[in-house]
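Numbered per this note's numbering, the sequence shown spans residues 12 to 339. The block underneath contains the structure these notes are about, expressed in structure tokens.
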Amino acid sequence: MDTLLLLALSIAPGIFLVYRYFSKDIYKKEPWAVIWKSFFWGAATLIPAGILETSITIPEKDSFLGMILENFLLVALTEELCKLLVIRFYAYRNSHFDEVMDGIVYGVAAASGFATFENIFYVTEHGMAVGMIRAVLSVPLHVFTGAILGYWLAKSKFQNISPWFANLTALSVVVIAHGFFDFVLSYDSGSYFYFSLIPVALLAWLVKRYVKQALAYDVMYIHNQATVAAADNLNVSTSPIDSESLATAETSRVEVSFARNIIHLALKFLAVICFLTAAFLMLGFVLNYMEKGEELWTLTLPLTPLVFGLFLNSKARKMTSSLAKAQV
């Protein structure tokens, strides 16, 4: 039973994040077959990454400079290059990679595959407490870096940006963030553990911005052009609309949009409260589990507000999608 629980804890965060970013692609969903192939290709790169990381020896790796070289160049650069190669040489070449948002979705899938299988090794070896910490730190970090790599690859494909510039920009951002995360965890036996929250939070904010920019570009320059081309092929006329009727419709639309925004903000606020409550209870569970071997049934305490928060957040996301479509 404990083995199954540990396995579920190892796999659940990565799968959840894949679905989360799949659901954000509101204009044209990607086929699950391509997403899961990206996921397992990302998992497969864990093997060469592990071989490379263990075969190269950093001189005086316990020194400050040695830790910098190991965490930034050996570990972070190796793992991020593995994700980049999967996105570039599998998903990027697929015919379904036809939006900027697709870069984020497939980047998340490849990174989640890498992080999930890495997580299985860590959690089965070190136990549930480590699994809970990795679920909110290490796995999201990997997923966010994959999303950034995919986003910049998509920009190079659809926005006429130099591939060299896109790849170097993306790699610079993710390697610095990933390296800092690993460095903080390993420096002084993890005494500065809480600083690892900084790169995770910054990457989460950056990916959120990238998702908005990707969707805005897709609807404006990809789907809008497709609609115009279809209208031209069908010889659809674009006769002028009565201005008074248009003004009335616009006023009604604004009023409905305002009401929905209020409800959306309320749902988001309540979801954040639930997540903070769950995080506080989870921290208490981890501390008690490490010190006293707390019984596993007490895990239901943080899970209850977490599930309720996910429900509220899901409702808010659906409302966000409907608002975005209404504005288009």
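Where is the CB? At the ideal position from N, CA and C, for every residue including glycine.
In or out: glutamate 129 buried (at least 16 other Cβ within 10 Å) or exposed? Mapped onto the sequence shown, residue 129 falls at position 118. Here glutamate 129 is buried, its C-beta having at least 16 other C-beta atoms within 10 Å.
C-alpha gap between valine 86 and isoleucine 274, whole angstroms: Start at 1 with the first residue of the sequence shown, and residue 86 comes out as number 75. Start at 1 with the first residue of the sequence shown, and residue 274 comes out as number 263. Rounded to whole angstroms, valine 86 to isoleucine 274 spans 44 Å at the Cα level.
So is proline 24 buried or exposed if we call it buried at 16+ other beta carbons inside 10 Å? By one-based count along the sequence shown, residue 24 stands at place 13. Of the other Cβ atoms in all chains shown, 16 or more fall within 10 Å of the Cβ of proline 24; this residue is therefore buried.
Continuous alpha helix (DSSP H) assignments of at least 4 residues falling wholly in the region 135-221: Given a length threshold of 4 residues, each whole run of the alpha helix (DSSP H) inside the region 135-221 is given here in chain order: 139-147, 149-169 and 174-197.
If tyrosine 32 sits next to valine 141, beta carbons under 8 Å apart, how far is it from one beta carbon to the other, in whole angstroms? Residue mapping note: residue 32 aligns to position 21 of the sequence shown, counting from 1. Residue mapping note: residue 141 aligns to position 130 of the sequence shown, counting from 1. About 25 Å separates the two Cβ atoms, so there is no contact after all.
On the three-pair Cβ rule with 8 Å, is the region 132-146 touching the region 282-291? Output reads no: the region 282-291 does not touch the region 132-146.
Where do the N-terminal and C-terminal ends of the alpha helix (DSSP H) with isoleucine 58 fall, by residue? Taking the first residue of the sequence shown as position 1, residue 58 is located at position 47. Bounds of the alpha helix (DSSP H) holding isoleucine 58 are 57-66.
Delimiting residues of the alpha helix (DSSP H) encompassing isoleucine 79: For the purposes of this step, residue 79 is taken as the residue at position 68 of the sequence shown. 75-79 is the extent of the alpha helix (DSSP H) around isoleucine 79.
Who are the near neighbours of threonine 89 in its chain, counting only those whose CB is closer than 7 Å to its CB and skipping five residues on each side? For this step, residue 89 is matched to residue 78 along the sequence shown. Within the same chain, Cβ atoms closer than 7 Å to the Cβ of threonine 89 are found at Ala60, Leu63 and Glu64, the five residues on either side in sequence being excluded.
Compute the Euclidean distance between the alpha carbons of leucine 317 and methionine 293, then round it to the nearest angstrom. Numbered from 1 along the sequence shown, position 306 holds the residue referred to as residue 317. Numbered from 1 along the sequence shown, position 282 holds the residue referred to as residue 293. If you take the alpha carbons of leucine 317 and methionine 293, they lie about 10 Å apart.
From the DSSP output, in three-state form, read off isoleucine 98 for me. Taking the first residue of the sequence shown as position 1, residue 98 is located at position 87. Shown here, isoleucine 98 sits in a helix according to DSSP, grouped into three states.
For leucine 57 and chain D, any beta-carbon pair shorter than 9 Å? Looking for chain D here will not work: only one protein chain is present.
With 16 other CB atoms within 10 Å as the buried threshold, where does asparagine 353 fall? Residue 353 is absent from the model: the chain starts at 12 and stops at 339.
Spatial neighbours of leucine 15 in its chain, beta-carbon cut-off 8 Å, leaving aside the 5 residues before and after: Locating residue 15 in the sequence shown gives position 4, where the first residue counts as 1. Nothing listed; no residue qualifies.
Assuming contact is defined by CB atoms lying nearer than 9 Å, are histidine 234 and lysine 39 in contact in what I supplied? Residue 234 sits at position 223 when you count from the first residue of the sequence shown. Residue 39 sits at position 28 when you count from the first residue of the sequence shown. Yes, the pair counts as a contact, with Cβ atoms nearer than the cut-off.
Exposure label - threonine 68; buried when at least 16 CB within 10 Å: Residue numbering aside, residue 68 sits at position 57 when the sequence shown is read from its first letter. Exposed, since its Cβ has fewer than 16 Cβ neighbours within 10 Å.
Sequence-distant residues of the same chain with beta carbon closer than 6 Å to valine 45, five excluded per side: Against the sequence shown, residue 45 aligns to sequence position 34. Same-chain partners within the cutoff: Asn105 and His107.
Could you tell me which uninterrupted beta strand (DSSP E) segments, each at least 3 residues in length, are contained entirely in the region 23-49, listed from first to last along the chain? Scanning the region 23-49 for uninterrupted beta strand (DSSP E) segments of 3 residues or longer gives nothing; none is fully contained.
Do you know how far the Cα of phenylalanine 322 is from the Cα of leucine 257? Looking up residue 257 in the sequence shown gives position 246. Looking up residue 322 in the sequence shown gives position 311. With a pLDDT of 44 at leucine 257, under the threshold of 50, the modelled position of that residue is not reliable, and the figure given next carries that caveat. Roughly 37 Å separates the two Cα atoms.
With burial defined as no fewer than 16 other Cβ atoms inside 10 Å of the residue's Cβ, what is the status of methionine 231: buried or exposed? If you number the sequence shown from 1, residue 231 lands on position 220. Of the residues assessed, methionine 231 falls on the exposed side of the cut-off, its CB having fewer than 16 other CB atoms within 10 angstroms.
Based on Cα-Cα distance, which residue from Met78, Leu160, Cys93 and Leu179 lies nearest to valine 222? Along the sequence shown, one-based indexing puts residue 222 at 211. Measuring from the Cα of valine 222, the nearest candidate turns out to be Leu160.
Classify valine 339: buried if its beta carbon has 16 or more other beta carbons within 10 angstroms, exposed otherwise. Taking the sequence shown and counting its residues from 1, one reaches residue 339 at position 328. Interpretation of valine 339 is limited by its pLDDT of 49, a score under 50 that renders its predicted location unreliable; the figure taken from the coordinates is listed afterwards. Valine 339 is exposed by the Cβ-count criterion.
Leaving out the 5 sequence neighbours to the left and right, which residues in its chain are closer than 8 Å to leucine 20 when beta-carbon positions are compared? Position 9 of the sequence shown, counting from 1, holds the residue named residue 20. Within the same chain, leucine 20 has close Cβ partners Val134, Met139, Gly142, Met143 and Ala146.
For alanine 260, which residues from the same chain have a beta carbon less than 6 Å from its beta carbon, with the 5 sequence-adjacent residues on both sides left out? On the sequence shown, position 249 is the one that residue 260 refers to. Residue placement at alanine 260 is poorly supported in this model, since its pLDDT is 48, which falls under 50; the coordinates still yield a value, given next. Hits under 6 Å: none found.
Thinking just about the alpha-carbon of each residue, which of Ala282, Gly53 and Asp113 is nearest to the one in alanine 352? Since the first and last residues shown for the chain are 12 and 339, residue 352 lies out of range.
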